[in-house]
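Asker:
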Amino acid sequence: MKKAIILLGCPESPSQTPLAIYATNKLTQMGYEVTLASTPSAKKLLEVSDPEEHYLKNKVDIETCLDELEEGDYDFLLGFVPKDAAVSYFVTFYHILNTKSLALIFARDEEKVEYFENTVRENTEAEIASARAYHNPTPLRVRLDRALKKLDKKTLAEDDDDKVEDS
Numbered sequence: 008m009k010k011a012i013i014l015l016g017c018p019e020s021p022s023q024t025p026l027a028i029y030a031t032n033k034l035t036q037m038g039y040e041v042t043l044a045s046t047p048s049a050k051k052l053l054e055v056s057d058p059e060e061h062y063l064k065n066k067v068d069i070e071t072c073l074d075e076l077e078e079g080d081y082d083f084l085l086g087f088v089p090k091d092a093a094v095s096y097f098v099t100f101y102h103i104l105n106t107k108s109l110a111l112i113f114a115r116d117e118e119k120v121e122y123f124e125n126t127v128r129e130n131t132e133a134e135i136a137s138a139r140a141y142h143n144p145t146p147l148r149v150r151l152d153r154a155l156k157k158l159d160k161k162t163l164a165e166d167d168d169d170k171v172e173d174s
């Protein structure tokens, strides 16, 4: 089974927790086993939001995960990027994992969104989905759906290419 990791930092934005659950569900439907690496406060919000672990089965501390992380551990990286520290985490995980990656960038202020986009773009070749979002998760959810659909199409095309090469 393919493995995905979702990075969650400071849960200041009300949009982050529901979108994390949503993204986990979407990735699971796409065939990924999903791990959420988060700060302790983000983890507590996730546990309260999904107490019976219907969606969020694998949760780890982001620092512990980083200490043990190796290339090849995951097939897909999804990073929630609402702050400077989240940009740093995303870029670090991106370079260690060297895998397909999507930065989900959001902030209350458009200037911060642009700054985070530029920083991710300058330091990675990751896909970027972004929106000015804080309380309302809908604009970001729409962009996440588009990005995951695009990723899924790319993955299917790559799988077809691999089958042709194996023939």
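Heads up: the sequence shown begins at 8 in this note's numbering, then just goes up one per residue.
Backbone N, C-alpha and C define an ideal beta-carbon position, used for all residues, glycine too.
Everything numeric in this text was worked out from a predicted model, so none of it was measured.
1) Since residue 56 and residue 18 are thought to touch, with beta carbons under 8 angstroms apart, how far apart are those beta carbons, to the nearest angstrom?
2) Work out the CA separation of residue 98 and residue 26 for me, nearest whole Å.
3) From residue 109 to residue 20, what does the alpha carbon distance come to, in whole angstroms?
4) Among the candidates 42, 69, 87, whose CA atom is the shortest distance from the CA of residue 151?
5) By alpha-carbon positions, which one of 127, 63, 52 ends up nearest to residue 13?
6) Taking the alpha helix (DSSP H) that residue 48 falls in, what are its first and last residues?
7) Name the residue from 50, 29, 160, 80 whose alpha carbon lies nearest to the alpha carbon of residue 8.
8) Nearest-angstrom Cα distance between residue 145 and residue 112?
Answerer: According to the data block:
1) Wrong, their Cβ atoms sit about 10 angstroms apart, outside the cutoff.
2) 21 angstroms
3) 19 angstroms
4) 87
5) 63
6) 47 to 56
7) 80
8) 13 angstroms
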